[in-house]
Every structure is written in structure tokens, then in C-alpha cells.
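Following: one structure in C-alpha cells, then a few remarks.
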Amino acid sequence: MALQPRFSLAGLTRLTRFSSLGLLASGLTALASVAAVGAPQPACAADPYPEAVAFSRTAAKAVLNQEGRETCLRGKLTKALLKLSDSCDATGQRNALCTLASKAVVETPMSLTFMEDTSRKLLDLSSSQ
């Protein structure tokens with residue numbers, strides 16, 4: 061029993077033509093996506109200073125109360141220190157709290173002892189703000 065082709069030559073030609081158009085459209089879409097990703101994006105606005113301080117205090121309390129796994133607390137504190145440092149830079153703040161945030165955020169890896177010490181200092185320095 062001989063196998064019969066499922067597509068005629070004309071049908072295969074149409075399929076190839078549509079496939080080529082589909083491939084061309086896919087390529088153009090991919091190119092547009094790359095162009096959009098490569099284009100400069102506007103800078104994200106820093107959080108207002110009081111919000112960044114409050115966020116960092118919440119993270120510091122979580123570290124000291126051990127509210128989560130060490131890796132999660134490290135991420136939370138790092139994010140808070142980055143927000144605070146960015147906010148300090150954006151608002152022109154030059155105080156001990158901003159200095160602590162800027163110095164602590166570059167500490168790698170952050171040990172649990174370092175995170176706890178930083179959290180205590182952060183809470184102490186921010187208590188008057």
C-alpha cells in the first residue's frame with residue numbers, strides 16, 4: 061500500500077508562503093521587543109524620605125524579631141536600605157541615617173550579626189525622625 065501525500069503541491073506552496081509571512085511577522089515582533097527593551101527607560105522616582113524611613117524601620121524590626129527565614133530578612137533589609145539610600149540621594153539628605161544606609165547596603169554577604177547590628181542602629185537613628 062503506497063502512502064498518499066496529505067498536501068498537494070499547491071497547498072504546500074500556500075502553506076510555505078503563509079509560514080514565511082508568519083516567520084517574518086514573528087521576526088519583526090521580536091525586533092520591536094528588543095528595541096523596546098534596549099530603549100532608555102525613565103528613572104524610577106525615589107520614595108519620599110519619610111516613607112523610606114518607615115519602610116526601613118519595618119524591615120529592621122522584622123530582622124530583630126526574626127520574622128522569617130534569614131535569606132528573606134536579608135532581602136527585606138537590603139531592599140529597605142536601598143530605598144532609604146535612594147531617597148536620601150534624591151532629597152539631598154545628609155545625616156547619620158543616610159550614611160548608615162549607604163554604607164550598609166554595600167556589605168556583602170550580610171551576616172545575621174551584621175543585619176541585627178545595622179537594624180539596631182537604624183532604629184536608634186530613625187527614632188527621632
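Going by the numbering used here, the letters in the sequence shown line up with residues 61 to 189, in that order.
Backbone N, C-alpha and C define an ideal beta-carbon position, used for all residues, glycine too.
For residue i and residue j, what's the separation of their Cα atoms in angstroms?
i, j, result
"THR168", "ARG134", "10 Å"
"SER145", "LYS139", "10 Å"
"THR178", "PRO110", "19 Å"
"ALA150", "GLU130", "30 Å"
"PHE115", "GLN126", "16 Å"
"GLN189", "ALA156", "12 Å"
"LEU182", "GLY128", "19 Å"
"CYS104", "ALA112", "14 Å"
To the nearest whole angstrom, what separates the beta carbons of residue i and residue j, a pair I think is in contact under 8 Å?
i, j, result
"ALA106", "SER147", "5 Å"
"VAL165", "LEU141", "4 Å"
Assign residue i to buried or exposed, taking buried as 16 or more other Cβ atoms, counted over all protein chains shown, within 10 Å of its Cβ.
i, result
"ALA143", "Here residue 143 turns out to be Lys, not Ala, going by the sequence shown. Flag for LYS143 reads buried."
"VAL94", "Legend: pLDDT at VAL94 = 42, less than 50; position of this residue unreliable, value from coordinates given subsequently. The residue in question, VAL94, is exposed, as its Cβ has fewer than 16 Cβ neighbours within 10 Å."
"CYS158", "buried"
Looking only at its chain, what residues have a beta carbon closer than 7 Å to the beta carbon of residue i, apart from the 5 residues adjacent to it on each side?
i, result
"VAL123", "LEU133, LEU137, MET175, GLU176 and SER179"
"THR194", "It is not possible to answer for residue 194, since the shown part of the chain is limited to 61 through 189."
Would you say the beta carbon of residue i is closer than 7 Å to some non-hydrogen atom of the ligand ZN?
i, result
"ASP107", "The model depicted lacks the ligand ZN and carries no ligand whatsoever."
Between the options, which has its C-alpha nearest residue i's C-alpha?
i, options, result
"PRO108", "ASN125, THR173, THR118 and GLN153", "GLN153"
Give every residue of the same chain whose Cβ lies closer than 8 Å to the Cβ of residue i, excluding the five residues on either side of it in the sequence, and list them in chain order.
i, result
"LEU160", "THR178, LYS181, LEU182 and LEU185"
"ARG117", "LEU182, LEU183 and SER186"
Under 6 Å Cβ to Cβ from residue i, same chain only, skipping five residues before and after it: list those, please.
i, result
"ALA120", "SER179, LEU182 and LEU183"
"SER162", "SER145"
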